[in-house]
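The structure under discussion appears below in the form of structure tokens.
Numbering (our numbering), first residue to last: 732 to 1224.
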């Protein structure tokens, strides 16, 4: 039924805006500032403003009669209504404008038609029931807000304290050492990386995009599933994304970010909507499903268009979230939720436990340990830096050693610098505790052998220079050839 509020017998005018300052809402046809004029005859409602069309200029006027306005909603200074014009492209479109203050917005709304269609009423009643069933949601008790805060705190520690970088990655090692997900590291007993990776981000833009998506959908899912159900879904979706990332990428990537869990939030909303579709108003089900599918489609296309995005983690999170949203879905009814929520939480927890068991069993294993690789790299780094200068100096000194007056000095360099250097390197490599059956131990063995050959070669060279013994020269040349072959073998060439 359509009703028109009783108003003034005179023409009324109000200044309005057609965009929200620094916001996302805007009018589809008008822009800038304009005027709403209400004529009591009819009544009719005229909106004047600049056209939003490209290259358009001047002003235009859009006029609605009372029968063409329905479902008026006021939120702060924003007023919006549904347009009804049969046969027009404007039929069923949302018309949005902004008053100078929330008070003016309410005054204007009281002068607009009060027509409400059935879908709108059902949607409003659903929202009211959901708020009543979910109970008060103070920001300090919101799981969504706590997750957002924890992500920000971890980012500040990583960027500001550990030097990972704010805008982009300045150093990958904090991610490697403190929690990014990698097949070789995670499956070597560091399963905690599946959780820590959810809170690490590669730069502030990565962080902001994930947290914006979480903020946009997290509070709704928290009301639909409850705080415990939401937390379990977020965790389970993140784990599903982590396991699938390992299965897909193996040890080829260091995956980090909340996006797998965030995809799970959207997947869970979709799962809830599909299971409860017969109990949901059309005004909730249709737009929400379209929104969720649109989010998924956009991010899938974006993920394939850009390199460096872990689409497998997104897919795993989406599927895990969908399954948990389906399991935990209950009608918006207080009595049903009190009765069935504990059992549904148990089922969801069992599903997450089963996911972990299957994930741990099915993910591939690798023939090295990240901790040992890092230890070997840390040990080798200072020696490699010193070796480059020593060998460069050695080449220059060797050229001078052909002259008799420089020969003894060069022999002293061999015996007092180069030979002790490689002996020290070999001793430290040998003392490094490594699992004997892993790839790192084999690399260590190859490096120790190269050090041994270097020592032998320099000894033979010193003997050749002192004695002019052709056999010592031949041994030196043979050692040099073995060193070159060992280096090629170590580097895989």
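Beta carbons: idealized from backbone N, C-alpha and C, even for Gly.
C-beta neighbour in chain B for residue i, strict 8 Å
i: residue 854; result: Absence of chain B from the displayed structure is noted, only one protein chain being present.
Buried or exposed (CB count within 10 angstroms, at least 16 for buried), residue i
i: residue 1199; result: exposed
i: residue 888; result: exposed
i: residue 904; result: exposed
i: residue 828; result: buried
i: residue 1145; result: buried
i: residue 1009; result: exposed
i: residue 867; result: exposed
i: residue 943; result: exposed
i: residue 1081; result: exposed
i: residue 923; result: exposed
i: residue 891; result: exposed
i: residue 1003; result: buried
i: residue 763; result: exposed
i: residue 993; result: buried
i: residue 844; result: buried
i: residue 1212; result: exposed
i: residue 1033; result: exposed
i: residue 1064; result: exposed
i: residue 733; result: Per-residue confidence for residue 733 stands at a pLDDT of 46, beneath the threshold of 50, marking its modelled position as unreliable; the derived number appears in the next sentence. With fewer than 16 other Cβ atoms within 10 Å, it is exposed.
i: residue 1025; result: exposed
i: residue 875; result: buried
i: residue 1116; result: exposed
i: residue 1224; result: Because residue 1224 carries a pLDDT of 46, less than 50, the predicted location of this residue cannot be relied on, and the following value inherits that uncertainty. Exposed, since its Cβ has fewer than 16 Cβ neighbours within 10 Å.
i: residue 786; result: exposed
Distance between beta carbons of residue j and residue i, contact taken as under 8 Å
i: residue 906; j: residue 985; result: 6 Å
i: residue 1101; j: residue 902; result: With a Cβ gap of about 16 Å, residue 1101 and residue 902 do not count as contacting.
i: residue 987; j: residue 932; result: 6 Å
i: residue 813; j: residue 823; result: 7 Å
i: residue 1062; j: residue 857; result: Between residue 857 and residue 1062 the Cβ distance is about 11 Å, and since that is not below 8 Å, they are no contact.
i: residue 945; j: residue 879; result: 6 Å
i: residue 1214; j: residue 1178; result: No, residue 1214 and residue 1178 are not in contact; Cβ-Cβ is about 12 Å, not under 8 Å.
i: residue 881; j: residue 851; result: Residue 881 to residue 851, Cβ: 38 Å. No contact.
Beta-carbon proximity of residue i to residue j, cut-off 8 Å
i: residue 1191; j: residue 1170; result: no
i: residue 853; j: residue 839; result: no
i: residue 1048; j: residue 991; result: yes
i: residue 948; j: residue 1097; result: no
i: residue 910; j: residue 995; result: no
i: residue 1159; j: residue 1110; result: yes
i: residue 744; j: residue 768; result: yes
i: residue 777; j: residue 794; result: yes
i: residue 1196; j: residue 1138; result: yes
i: residue 847; j: residue 959; result: no
i: residue 938; j: residue 886; result: yes
i: residue 808; j: residue 836; result: yes
i: residue 1104; j: residue 1060; result: no
i: residue 1050; j: residue 1023; result: no
i: residue 977; j: residue 912; result: yes
i: residue 826; j: residue 806; result: no
i: residue 997; j: residue 1020; result: no
i: residue 972; j: residue 1095; result: no
i: residue 928; j: residue 975; result: no
Residue i, DSSP secondary structure in three states
i: residue 847; result: coil
i: residue 780; result: strand
i: residue 769; result: strand
i: residue 1097; result: coil
i: residue 898; result: coil
i: residue 1220; result: helix
i: residue 983; result: coil
i: residue 1042; result: helix
i: residue 815; result: coil
i: residue 1212; result: helix
i: residue 790; result: coil
i: residue 949; result: helix
i: residue 926; result: helix
i: residue 801; result: strand
i: residue 750; result: strand
i: residue 775; result: strand
i: residue 744; result: strand
i: residue 941; result: helix
i: residue 910; result: coil
i: residue 1165; result: coil
i: residue 960; result: helix
i: residue 1199; result: coil
i: residue 733; result: Here the model assigns residue 733 a pLDDT of 46, short of 50, so the residue's position is not dependable and the matter cannot be decided.
i: residue 821; result: coil
i: residue 1011; result: coil
i: residue 758; result: coil
### Message
I'd like the ranges of any beta strand (DSSP E) spanning at least 3 consecutive residues and lying wholly in the region 823-892.
### Response
825-829
### Task
Enumerate, from N- to C-terminal direction, the unbroken alpha helix (DSSP H) stretches of 4 or more residues contained entirely within the region 1052-1137.
1065-1093, 1101-1131
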